[in-house]
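Scroll down for the structure; my scribbles are underneath it.
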Amino acid sequence: MAHIRSAIYMAFLVITVIPYAICCLLWAPFPQPVRYRLTVGWPKLALWGSRVILGIRWKVLGEENLPDGPVILLSKHQSALETLYFPARMPRQVCFVYKKELHRVPFFGWGLASLRMIPIDRAKGRESFEQVERIGAQRLQEGRWPILFPEGTRMAPGKTGRYRMGGARLAAYTGVPVIPIAHNAGTLWPRNAFLKKPGTVTISFGPPIETKGLDAETINQRVQDWIEGEMRRIAPEQYGHGEKEKGPAA
């Protein structure tokens, strides 16, 4: 049954993303807030489909920690599922940091490009950090919430990648608080996997980490400590066997 559900859901995504991408081109002349509200209709639809077709539900902890003001979201990254959740469910516009090359991906990339998020050119090395700081500060001034995945890539459940410095550097540069986020989406929607399972994903928003006066290394370590500690609380089964793979915080 899980294989049938997964096949139906994949067809659902393909069928819905194409007309949505065409619509993104049609409403490109609209103001950015309007484009955003229209475009995130697709992540909302995809999230609805994951509940109805796949049987995936959400348990949210710490939602009261989300402030009514500027904040940077730094999240665990296990799945494509959380990338649908954040634009669909956050109380403010979010803006992802991503490779500029994604703009060339048909349909999906077109919608992404229309949202004025934080595209970077990774080939430029150190300059890409400056792009995150400069553009991220602009997005914060616009009232939007930058969201970054410090591990950089999706990690299998129970694994920990090296926490990179981009989000922490943006926080140190702007002095804006950070909300660390832990979740176990990879247990139901594994990275690069066709088969998806029914069940409940737990997502936990941590208390704000104040960043004024702190350097990026300290911020990064505090984020990692909270996320990895919370992961062991909400998903202890992911860490019950073997040694945790953990990279340096810098």
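With the sequence shown counted from 1, adding 863 to any position gets you the working numbering. Where a beta carbon is used, it is the ideal one built from N, C-alpha and C, also for glycine.
Residue i, DSSP secondary structure in three states
i	result
Y1026	coil
H866	helix
F1057	coil
F949	helix
F1068	strand
L924	strand
G912	helix
E1091	helix
G999	helix
F893	coil
S942	coil
R1017	coil
R955	coil
G972	helix
K1075	coil
G1103	coil
E1123	Shown here, the chain extends from 864 to 1113; a query on residue 1123 therefore has no answer.
P1111	Unreliable placement is indicated for P1111, whose pLDDT of 38 sits below 50; the coordinate value is still reported in the next sentence. Looking at P1111 - three-state DSSP - the assignment turns out to be coil, as it is neither helix nor strand.
E993	helix
P906	helix
CB contact flag (residue i, residue j, <9 Å)
i	j	result
V960	P892	no
P1061	G912	no
A1079	A1000	no
H940	F1012	yes
Y872	K1059	yes
E996	Y1036	yes
Y948	L910	yes
A1034	I981	no
D984	K962	yes
For residue i, the residue or residues it bridges with in DSSP
i	result
V960	I981
G1062	I919
L936	I1010, I1042
Among the options, nearest to residue i - alpha-carbon criterion
i	options	result
L944	L937, A1048, M1028	A1048
V923	T1037, I981, F971, I1097	I1097
T1016	L929, S869, T946	T946
P906	P930, P894, T879	T879
M953	V934, V995, G1092	V934
F875	R914, L888, A1035, W921	R914
S869	T1081, L1051, R1095	L1051
R1054	M1018, L1033, R1027, I1072	M1018
M864	I916, R920, R955, P894	I916
H866	P1070, A1056, P982	A1056
I1090	P1070, E927, L1077	P1070
Beta carbon proximity, residue i to chain B, threshold 9 Å
i	result
A909	The structure shown has no chain B; it contains just one protein chain.
Counting Cβ pairs, one atom from each stretch, are 3 or more of them under 8 Å apart for the segment 1031-1044 and the segment 1066-1075? Touching, per the Cβ criterion.
Specify whether the segment 996-1005 and the segment 1015-1023 touch according to this definition: at least 3 beta carbon pairs, one from each stretch, less than 8 Å apart. They do not touch, by the three-pair rule.
Between the segment 1027-1043 and the segment 1076-1096, are three or more C-beta pairs nearer than 8 Å? By the criterion of at least three beta-carbon pairs nearer than 8 Å, the segment 1027-1043 is in contact with the segment 1076-1096.
Stretch pair the segment 900-912 + the segment 972-986: three plus CB contacts closer than 8 Å: Below 8 Å, enough C-beta pairs join the segment 900-912 and the segment 972-986 to call them touching: three or more.
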